[in-house]
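In this note's numbering, the protein residues as written are 3 to 260.
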């Protein structure tokens, strides 16, 4: 077996796992390209239209240092700017790892459907683009340690779990007032983008009888807090209207409307 083909059996396990859960959300209906980072090389695999299994497409030098353990989704310059799930080989060591790949598939789905359009509706994103700040989604200076953020956000997450509608409305208004436009937009963007991926991930984990992820829900708060808060909010909104999570553009507009 060629070195590049050694991952094919593991990649094709994605198909079997996905087939069991693809009814959870439209983001799981398609297999996206998967890139395995090995020895500073990108090993690119995809499922061609005429096939139903992963095939090795090409290798390319990594354009930047990529840390071991990466789990990400981004467009590949080396593969016609296609969005892809980028991982390192140990991801295949557990079912949790395969579920993480499905988490990244949600980001691929967001990218292919409406992400760029929604992003450009935000003033914080337009300003970042104007200033050439391509890392704003990770590096935005959000006031995670501000008490006027921590208190209402903790109350908001508790209210989503307990399904207390009026408290959700009240805390969202408090957050919008305190944070101002850019910080509020940033918060909702992360709740939608990462919260949706976390929500789908947790639905898959429930299907397989695994413990759901609550990382970020505990203080001190950080960007990962919005994974937990967004997932909890989406769970609440889905309990109100089971169809809303299937149209992720409408979901975003609902989340930012407050």
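Virtual Cβ for every residue (Gly too), placed ideally from N, Cα, C.
- The C-alpha of residue 247 is placed about 33 Å away from the C-alpha of residue 70.
- Under DSSP, residue 92 forms no beta bridge with any residue.
- Residue 198 and residue 28 have their alpha carbons spaced roughly 12 Å apart.
- For residue 40, the three-state secondary structure derived from DSSP is strand.
- The beta carbon of residue 150 lies closer than 6 Å to those of 180 in the same chain, with the five residues before and after it left out.
- In the structure shown, residue 116 adopts coil according to DSSP, grouped into three states.
- For residue 234, the enclosing alpha helix (DSSP H) stretches over residues 227-242.
- Between residue 94 and residue 12, the beta carbon gap of about 4 Å places them in contact (Cβ cut-off 8 Å).
- Taking residue 16 as reference, the option from 96, 66, 215 with the minimal CA-CA separation is 96.
- Listed in chain order, the non-local C-beta contacts of residue 35 below 6 Å within the same chain comprise 48, 84, 86, local neighbours out to five positions each way being set aside.
- Pairwise C-beta distances place the segment 101-119 in contact with the segment 249-259, as three or more of them are shorter than 8 Å.
- Spanning the alpha carbons of residue 191 and residue 53 requires a straight line of approximately 35 Å.
- Assigned with DSSP and collapsed to three states, residue 63 falls in strand.
- Contact between residue 81 and residue 10 is absent: CB atoms are separated by about 17 Å, not below the 8 Å threshold.
- Residue 130 and residue 40 have their C-alpha atoms spaced approximately 32 Å apart.
- With distances taken between CA atoms, residue 63 lies nearest to 42 out of 218, 42, 217.
- Under the three-state reduction of DSSP, residue 46 is assigned to strand.
- Beta-carbon to beta-carbon, residue 235 and residue 162 are separated by about 5 Å, close enough to satisfy the 8 Å threshold.
- Between the alpha carbons of residue 20 and residue 210 lies a gap of roughly 12 Å.
- Less than 9 Å separates the beta-carbon of residue 126 from that of residue 184.
- Under the three-state reduction of DSSP output, residue 33 falls in the coil class, being neither helix nor strand.
- Collapsing the DSSP output to three states places residue 5 in a helix.
- Apart from sequence neighbours up to five positions away, the residues of its chain that approach residue 59 with a beta-carbon distance below 8 Å are 35, 46, 47, 48, 81, ordered along the chain.
- Residue environment for residue 147: exposed (fewer than 16 other C-beta atoms within 10 angstroms of its C-beta).
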